Amino acid sequence: MKNNPQLTEDGRLKHLLSLDGLPARILTQILDTAASFVAVGEREVKSVPLLRGKAVFNIFFENSTRTRTTFEIAAKRLSADVVNLNINASSQSKGETLLDTVANLSAMHADMFVVRHAAAGAAHLIARHVAPHISVVNAGDGRCAHPTQGLLDMFTIRHFKGGFHNLRVAIVGDVLHSRVARSQIHALTTLGCPEVRVIAPKTLLPRDVGNLGVHVHHRMEQGLKDVDVVMMLRLQNERMQGARLPSAGEFYKHWGLTTEKLRHARPDAIVMHPGPMNRGVEIDSEVADGPQSVILSQVTFGIAVRMAVMSILAGN
Amino acid sequence: MQPPSPEQLIARLADQIAPTLGPDLALVGIHTGGVWVMDALAERLGREIGNDLPRGVLDISFYRDDFSRIGLHPQVKPSDIPFDMEGRRVLLIDDVLHTGRTIRAAMNVLFDYGRPAAIHLAVLLDRGGRELPICPDFVGAHLELAEQDNISLTRADDGALGFKVNQRA
Chain A
0 MKNNPQLTED GRLKHLLSLD GLPARILTQI LDTAASFVAV GEREVKSVPL LRGKAVFNIF
60 FENSTRTRTT FEIAAKRLSA DVVNLNINAS SQSKGETLLD TVANLSAMHA DMFVVRHAAA
120 GAAHLIARHV APHISVVNAG DGRCAHPTQG LLDMFTIRHF KGGFHNLRVA IVGDVLHSRV
180 ARSQIHALTT LGCPEVRVIA PKTLLPRDVG NLGVHVHHRM EQGLKDVDVV MMLRLQNERM
240 QGARLPSAGE FYKHWGLTTE KLRHARPDAI VMHPGPMNRG VEIDSEVADG PQSVILSQVT
300 FGIAVRMAVM SILAGN
Chain B
0 MQPPSPEQLI ARLADQIAPT LGPDLALVGI HTGGVWVMDA LAERLGREIG NDLPRGVLDI
60 SFYRDDFSRI GLHPQVKPSD IPFDMEGRRV LLIDDVLHTG RTIRAAMNVL FDYGRPAAIH
120 LAVLLDRGGR ELPICPDFVG AHLELAEQDN ISLTRADDGA LGFKVNQRA
């Protein structure tokens with residue numbers, strides 16, 4: 000336990016940097032707590048007083064309106080004071096280092112940092128240098144991790160499927176550049192999912208994919224056969240310009256999720272996507288808006304999951 | 000010190016509550032012991048008036064006043080209030096009343112669902128030691144207990160209720 004920078008010496012969650020290395024006990028605690036926050040979101044008064052008087056700083060070194068907004072709503076529903084900072088537009092352009100920025104914000108009596116950065120390991124670096132009372136949440140760093148997205152995906156699966164122990168789950172698309180896919184694979188494996196598949200062209204799979212404990216497929220028809228959950232990944236537009244893919248149209252033809260391809264999955268399979276979607280590239284509108292899509296539920300659950308993470312961290 | 004039998008206390012509580020029943024009354028039990036007491040009470044009272052009383056359950060973890068000292072309870076359960084709180088008379092139910100802090104938190108939760116017409120409090124056991132000005136309307140029994148000792152309601156697999164006393168030296 001001592002080697003995991005996310006945990007206190009007695010094994011409680013202090014920072015949320017990655018799902019890697021977190022025991023099932025902690026993942027389950029977060030999901031259970033989130034279930035209670037879903038009930039809070041359905042009340043007349045949607046906030047609880049847990050983080051009253053605490054200051055949560057959303058520091059985004061990379062734009063992500065949706066992730067920042069859901070963290071902001073989550074913190075406000077916990078009654079925290081929230082400050083949003085888009086750093087690429089301010090001090091960093093004046094030459095201030097990452098740790099200087101964080102030291103300045105700490106001096107403004109921050110209690111929690113929610114960090115988004117294009118460089119892998121940025122949140123880990125900040126967590127190593129903050130005062131002991133401050134917690135850090137990784138809201139996405141490079142290709143490395145996006146743990147709250149992974150958690151809200153797990154919450155969504157558990158909500159619709161009741162658990163993980165009898166499930167076949169397929170992760171489809173750009174696994175290579177996805178920070179979500181790694182978080183998902185770690186969490187699914189830890190929570191006892193017996194069969195995780197990835198479906199992608201060879202050029203969009205990481206070289207170490209064999210070490211992730213997943214079944215690799217290159218064709219949708221085989222990969223989707225009899226799965227209970229289809230987790231689509233976003234195809235980053237900027238990846239398209241490289242040599243890894245012929246064209247968006249070509250990708251859609253082979254790996255885009257259409258009603259026809261979805262028929263290979265179980266009839267009660269759910270379809271997930273972390274957003275924002277490229278309609279007509281990785282997913283067809285008929286599927287995205289269809290009866291098997293739980294994409295908007297993911298967004299709603301994302302708030303409850305982030306409330307759970309923040310309240311557990313603030314209490315430890 | 001021998002704790003009384005929960006079944007007897009529930010019968011005694013039901014007798015006290017019965018005259019106050021009305022169509023505007025709802026029962027709300029506090030997780031976990033309070034919910035067991037509520038279910039047992041609802042069964043008896045429902046028999047008397049011939050229909051079911053609306054029931055809700057509360058978890059007070061998000062409203063505790065010791066969050067900043069001990070953090071979030073590791074097992075939070077969802078609250079569920081399946082009726083409209085507005086104008087409702089609520090009978091709040093717990094197993095053991097001690098400092099009154101749980102009841103303070105529970106009342107705050109209730110108000111976040113709407114404005115009740117009234118809140119009454121029923122407890123199986125009042126062990127004294129109040130730290131807040133909270134006074135129950137219905138009490139199964141009073142019990143003198145050393146300050147450091149702890150008493151809680153338990154439920155066996157067959158549904159039988161019992162009291163467990165932890166005496167600390």
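Protein chains in written order, with numbering that gives the first Met the number 0: chain A, 0 to 315; chain B, 0 to 168.
Glycine is no exception: its CB is placed at the ideal position from the N, C-alpha and C atoms.
Only a predicted model underlies this, so the values are computations on that prediction, with no experimental measurement involved.
In the DSSP assignment, find the unbroken alpha helix (DSSP H) run with residue i in it and report its ends.
| i | result |
| --- | --- |
| S310(A) | 294-314 |
| A121(B) | It is not in any alpha helix (DSSP H) - A121(B) instead sits in the beta strand (DSSP E) that spans 117-125. |
| H176(A) | Premise fails: H176(A) is in no alpha helix (DSSP H) and is neither H nor E. |
| D14(B) | 5-16 |
| N320(A) | Any question about residue 320(A) goes unanswered here, given that chain A covers just 0 to 315. |
| A38(A) | 23-40 |
| V108(B) | 100-110 |
| R67(A) | 64-76 |
From which residue to which residue does the beta strand (DSSP E) around residue i run?
| i | result |
| --- | --- |
| E194(A) | 194-198 |
| W149(B) | First, the residue type needs correcting, since residue 149(B) is Asn and not Trp in the sequence shown. Counting along the chain, the beta strand (DSSP E) containing N149(B) begins and ends at 149-154. |
| I58(A) | 54-59 |
| A25(B) | 24-29 |
| K163(B) | 160-165 |
Under 9 angstroms between C-beta atoms, does residue i make it to chain B?
| i | result |
| --- | --- |
| K1(A) | Below a pLDDT of 50, predicted positions are generally treated as unreliable, and K1(A), at 48, falls in that range; the measurement from the model is reported next regardless. It does not: the Cβ of K1(A) has no partner Cβ on chain B nearer than 9 angstroms. |
| L49(A) | yes |
| A74(A) | no |
| A38(A) | yes |
| V136(A) | no |
| V81(A) | no |
| R196(A) | no |
| E43(A) | yes |
I'd like to check one pair, residue j with residue i: are the Cβ atoms closer than 9 angstroms?
| i | j | result |
| --- | --- | --- |
| D93(B) | A121(B) | yes |
| A119(A) | R142(A) | yes |
| M231(A) | I282(A) | yes |
| D140(A) | R178(A) | yes |
| E319(A) | N87(A) | Past the edges of chain A, shown from 0 to 315, lies residue 319(A), and the structure says nothing about it. |
| V213(A) | V171(A) | no |
| G113(B) | E43(A) | yes |
| I150(B) | L160(B) | no |
| H30(B) | I59(B) | yes |
| R233(A) | T69(A) | no |
| L124(A) | L98(A) | yes |
| T66(A) | R115(A) | yes |
| A199(A) | L175(A) | yes |
| G139(B) | L12(B) | yes |
Is residue i buried or exposed, if buried means 16 or more other CB atoms sit within 10 Å of its CB?
| i | result |
| --- | --- |
| V293(A) | buried |
| L131(B) | exposed |
| Q183(A) | buried |
| P22(B) | exposed |
| K260(A) | buried |
| A116(B) | exposed |
| S310(A) | buried |
| S284(A) | exposed |
| S323(A) | In the structure as shown, chain A begins at 0 and stops at 315. Residue 323(A) is therefore absent and cannot be evaluated. |
| P18(B) | exposed |
| C134(B) | exposed |
| E85(B) | exposed |
| S4(B) | exposed |
| D110(A) | buried |
| Q297(A) | buried |
| G128(B) | exposed |
Please check if any C-beta of chain A sits within less than 9 angstroms of the C-beta of residue i.
| i | result |
| --- | --- |
| L15(B) | It is Gln, not Leu, that sits at residue 15(B) in the sequence shown. Cβ-Cβ to chain A under 9 angstroms: no for Q15(B). |
| F66(B) | yes |
| M106(B) | no |
| G99(B) | no |
| G21(B) | no |
| M4(B) | The sequence shown places Ser at residue 4(B), rather than the Met named in the question. It does not; no Cβ of chain A falls within 9 angstroms. |
| Q7(B) | no |
| F61(B) | yes |
| G70(B) | yes |
| P53(B) | no |
Any heavy atom of the ligand ZN closer than 8 angstroms to the CB of residue i?
| i | result |
| --- | --- |
| M84(B) | In the structure on display, the ligand ZN does not appear, and there are no ligands present to speak of. |
Checklist line | Contacting positions in the region 290-313 of chain A - beta carbon closer than 7 angstroms to chain B | finding: S310, I311
Note to self: Beta carbons nearer than 8 angstroms to chain A: which residues of the region 111-134 of chain B have them?
What the structure shows: D111, Y112, G113
Next item on the list: Give, in chain order, every residue of the region 152-174 of chain A whose Cβ lies closer than 7 angstroms to some Cβ of chain B.
Entry: none
Check: Taking a cut of 8 angstroms between CB atoms, which residues from the region 7-34 of chain A lie near chain B?
Finding: R11, Q28, D31, T32, A34
Next item on the list: Identify each residue in the region 29-50 of chain B for which the Cβ-Cβ distance to at least one residue of chain A is less than 8 angstroms, and report them in chain order.
Entry: none
Notebook entry, point to check: When you check each C-beta in the region 100-115 of chain A against every C-beta of chain B, which residues fall closer than 9 angstroms?
Noted result: none
Item checked: Residues within the region 134-167 of chain B neighbouring chain A, beta-carbon criterion of under 8 angstroms -> none
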